[in-house]
Amino acid sequence: MRVGDTVRKPALPSTLSVSRFTAHLRSRGIDAPAAHGFDEDGRQVLEYVPGDLAMDLGPLDEKGLRRVGALVRRIHDVGHEYSADDGVWDVLIPPPGPADLVCHNDLAPWNLVVGERWVFIDWDGAGPSTRSWDLAYAAQSFSMLDDSRPVPEAAQRLRWFIDGYGRSEALRAELPTAMIERSDAMHGLLHRAHADGWEPWATMYTTGHGEYWASVTAYLQANRGAWVDALRSQ
1 MRVGDTVRKP
11 ALPSTLSVSR
21 FTAHLRSRGI
31 DAPAAHGFDE
41 DGRQVLEYVP
51 GDLAMDLGPL
61 DEKGLRRVGA
71 LVRRIHDVGH
81 EYSADDGVWD
91 VLIPPPGPAD
101 LVCHNDLAPW
111 NLVVGERWVF
121 IDWDGAGPST
131 RSWDLAYAAQ
141 SFSMLDDSRP
151 VPEAAQRLRW
161 FIDGYGRSEA
171 LRAELPTAMI
181 ERSDAMHGLL
191 HRAHADGWEP
201 WATMYTTGHG
211 EYWASVTAYL
221 QANRGAWVDA
231 LRSQ
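Pasting the structure below:
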């Protein structure tokens, strides 16, 4: 909840580790909400970042997609040099292979504040992962790769986002498969949560999120060739 120019959130076992990581990001010039300790009720006290959520502003244009792609790259580069060994983390969907950096793990339009500053918020799930796993989720969500838009348009949006990120040919080659696997992992999480009654994910599964991620996975799989072509260097 917002209190003045701060946001108050329940403290978690991972809170101190996350606060140290975001402080490191800030020390390296990456904007993230400043942590101000805890209040009298034991809640986290975080800087309130003014602006609108990207998800409420409609699809980002080419300039916006390139800007976010570049921001994700900077987060990953700094996260790669950060040691996760001494931290307590709460990574909801771990990567399929060994982690090679610390990252946000939920880089999506619902966690990006757009205003005078462009700032990713809600870092509670930050922790060890891989570039391709984190990038796959961000690329799908910001490029809006789902059946709501024509494949050629979606492929172009993906190209803009990844051109902004600017990584190697090897990562570009990995990304189409990684997007499919990451989307399927999200659906799997929601499905298991529904079966086990694990909230809030169980309710999300029955209120459209389960169906959405199943359809995204099918869409990504059916059009994999378009993503491969879009990500080839020209």
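All the letters of the sequence shown, read from the start, carry residue numbers 1 to 234 under this note's numbering. By construction, the Cβ of each residue, glycine as well, lies at the ideal position given by its N, Cα and C atoms. Note that the structure is predicted; figures quoted are calculated from it, not measured.
Simplified DSSP assignment, three categories, for residue i
i, result
"T6", "strand"
"V119", "strand"
"G225", "helix"
"S19", "helix"
"P109", "helix"
"G127", "strand"
"L101", "strand"
Rounded separation between residue i and residue j - CA only
i, j, result
"D86", "P10", "22 Å"
"F38", "A222", "48 Å"
"P176", "P96", "15 Å"
"V113", "D56", "10 Å"
"A230", "W118", "26 Å"
"E169", "D41", "49 Å"
"A226", "S148", "16 Å"
"V72", "Y165", "7 Å"
"V216", "I180", "8 Å"
"P109", "S19", "22 Å"
"R26", "R159", "28 Å"
"R167", "Y205", "34 Å"
"A32", "G208", "30 Å"
"D184", "H194", "15 Å"
"R28", "R67", "18 Å"
"V198", "V78", "It is Trp, not Val, that sits at residue 198 in the sequence shown. Cα to Cα, W198 sits roughly 33 Å from V78."
"V45", "A84", "23 Å"
"A218", "G4", "44 Å"
"I162", "D122", "23 Å"
"S14", "W213", "27 Å"
With 16 other Cβ atoms within 10 Å as the buried cut-off, status of residue i
i, result
"V49", "buried"
"G127", "buried"
"E116", "exposed"
"P150", "exposed"
"R232", "exposed"
"H187", "buried"
"H76", "buried"
"S132", "buried"
"R182", "buried"
"D196", "exposed"
"W201", "buried"
"E174", "buried"
"D134", "buried"
Nearest neighbour of residue i, chosen from the options [CA to CA]
i, options, result
"D106", "S141, P98, H187, S27", "S141"
"V91", "V68, A70, D124", "D124"
"V228", "E199, L190, A154", "A154"
"L171", "T203, S143, R192, A136", "A136"
"R74", "L145, R2, M144, L101", "L101"
"E47", "L145, V7, L189, D61", "V7"
Any chain D beta carbon closer than 8 Å to residue i
i, result
"F142", "Included in the structure is just one protein chain, with no chain D present."
Ranges of the alpha helix (DSSP H) found wholly within the stretch 29-98, counting only runs of at least 4
62-80
Entirely within the stretch 176-215 and at least 4 residues each: give me those alpha helix (DSSP H) ranges in chain order.
201-204
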